[in-house]
Amino acid sequence: MTVSRIQRLSLTHFRNYRAASVRTASDIVVLAGPNGAGKTNCLEAISFLTPGRGLRRATLDDVADKEGDGSWAVSAEVEGALGLATLGTGIDLPAADAASTARRCRIDREPVTSAAAFGDHLRMVWLTPAMDGLFMGAASERRRFFDRLVLAIDSDHSSRVSALERSLRSRNRLLEDRNFDTHWCEAIERETAELAVAVAAMRGETVKRLSAALAAREATSPFPTARIALEGWMENALMSEPATAVEDRYRRILREGRARDAAAGRTLDGPHLTDLEVIYAPKNSPAKDASTGEQKALLIGLVIAHAGLVAEMTGITPLLLLDEVVAHLDPNRRAALFDALAQLGAQVWITGADPLAFSDIAARADIFHVEAGHIERRT
Ligand SMILES: Nc1ncnc2c1ncn2[C@@H]1O[C@H](COP(=O)(O)OP(=O)(O)OP(=O)(O)O)[C@@H](O)[C@H]1O
Ligand SMILES: [Mg+2]
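Residue numbers (our numbering): 109 to 487.
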């Protein structure tokens, strides 16, 4: 088992940071400081060491320092699955059309094609206040959340999800033309079905394993347990039927649904619409009906169980980014959280506005004070 650890982090022109650098020595890294200091920004910078748009789902020019020239960089010395490595990402030159520029990724200064390559070195899981409304919000939010969980296990998952979205867009565009080429449509639908099955299969595998992990922890976890399931016929069909049969069925659905989908302007069936159903196990009620605090505790339990699963399935204990998590917990739960993290053996980056919330763990943590884009070590 290897543990994903950041030993040094450098930020250059990333949001409110001009140039900042931190060195860590322990597995609990605390970023404390006033509102607007840059705590979440720092976690966001770390989250760019995975595929995708980071924990705020920002665009590449959103995260560039407003006072800079549009370039930005995040670099981390990582002790990970392949030993020591330096992972770097960012935008080198301000492009005329920043939205269409892909960020560059480097490992030990050598360019790599995408951030998926970082997955060979480290895995990551995060929890942020923006996720507080997860159970009340749209299905798309839960689907994205779950795809993130899958990505921590399978580094290629997000590129398959994006390819599926592109494929669906091509089909929708083609169907707009009433005289579309049916051979062409068939070819797109074949690709769509193939990608859909690949995406759904990995989701199904993850939900099955995560459910089992949650059930196994139920008796001992200090956090309430979630019961989870995917609401999507394809994920569920794949648990009992061969992938080829499911793929054929989806191709038929697509073929027969062309007129309907053309009228709607979108594809009305498929794993791009899957939802994650979450039950608050202690009361056997939908998570959305649980109290704010109950929902938060449920999410923490879910994320910790997932981190354990990532370790078990990949051999890499993921890095945890916990933004504003501690402030919501009473002292008992707070202690339970730190115990659970210690048991997991993961490196965790935690933020909070109140440094006193971390006094219990000050002795075994790296405590940093963050203010106005500066990070200073306190202990
Ligand atoms: N692109 C940018 N360039 C410069 N500054 C930015 C940029 N984007 C955001 N900021 C600034 O970064 C500041 C800090 O944001 P951040 O969310 O990290 O604070 P925080 O320490 O997490 O605060 P809180 O305790 O309120 O969560 C904000 O004041 C915001 O104006
Ligand atoms: Mg914040």
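We put the beta carbon where it would ideally sit given N, CA and C, even for glycine.
Rounded to the nearest angstrom, the gap between the Cα atoms of Asp-200 and Ala-172 is 11 Å. Around His-380, the same chain offers Leu-272, Glu-273 and Leu-276 as residues with beta carbons nearer than 7 Å, after the five sequence neighbours per side are excluded.
Inclusion of Ala-172 in the 7 Å shell around ligand 1 follows from its C-beta lying nearer than that to a non-hydrogen atom of the ligand. Between the C-alpha atoms of Asn-143 and Ala-461 there is a straight-line separation of about 7 Å. Excluding sequence positions up to five before and after Ala-128, its CB lies within less than 6 Å of the CB of Leu-119 and Ile-483, all in the same chain and listed in chain order.
Scanning the segment 117-156 from its first residue to its last, the whole beta strand (DSSP E) runs of 3-plus residues come out as 125-131 and 136-140. Under the DSSP assignment, Ala-321 falls in the alpha helix (DSSP H) whose first and last residues are 290-325. Within the same chain, Cβ atoms closer than 6 Å to the Cβ of Glu-326 are found at Thr-333, the five residues on either side in sequence being excluded. Arg-374 and Asn-280 do touch by the CB rule: their CB atoms are close to 6 Å apart, below 8 Å. Asp-285 is the residue among Asp-285, Gly-188, Trp-341 and Ala-323 whose C-alpha sits nearest the C-alpha of Asp-369. An exposed status is given to Gly-423, since fewer than 16 other beta-carbon atoms sit within 10 Å of its beta-carbon. Closest in C-alpha terms to Ile-261, from the list Arg-485, Leu-464 and His-414, comes His-414. In this structure, Asp-255 keeps its C-beta atom at 8 Å or more from the C-beta atom of Val-456.
Residue pairing by DSSP puts Ser-183 in a beta bridge opposite Ser-118 and Gly-196. Not one heavy atom of ligand 1 is found less than 7 Å from the C-beta of Ala-295. Residue nearest to Thr-197 within the set Thr-167, Thr-158, Glu-187 and Asp-228 is Thr-158 (criterion: CA-CA distance). Excluding sequence positions up to five before and after Leu-410, its CB lies within less than 6 Å of the CB of Ala-334, all in the same chain and listed in chain order.
Assignment of Val-478 by DSSP, reduced to helix, strand and coil, places it in the strand class. About 11 Å separates the beta carbons of Val-138 and Phe-446, which is beyond the 8 Å limit, so they are not a contact pair.
Note on geometry: alpha-carbon atoms of Leu-407 and Leu-235 lie some 8 Å from one another.
The beta carbon of Ala-309 is closer than 7 Å to those of Leu-346 and Ala-351 in its chain, skipping five residues each way along the sequence. Judged by DSSP secondary structure, Met-342 falls within the alpha helix (DSSP H) whose first and last residues are 341-345.
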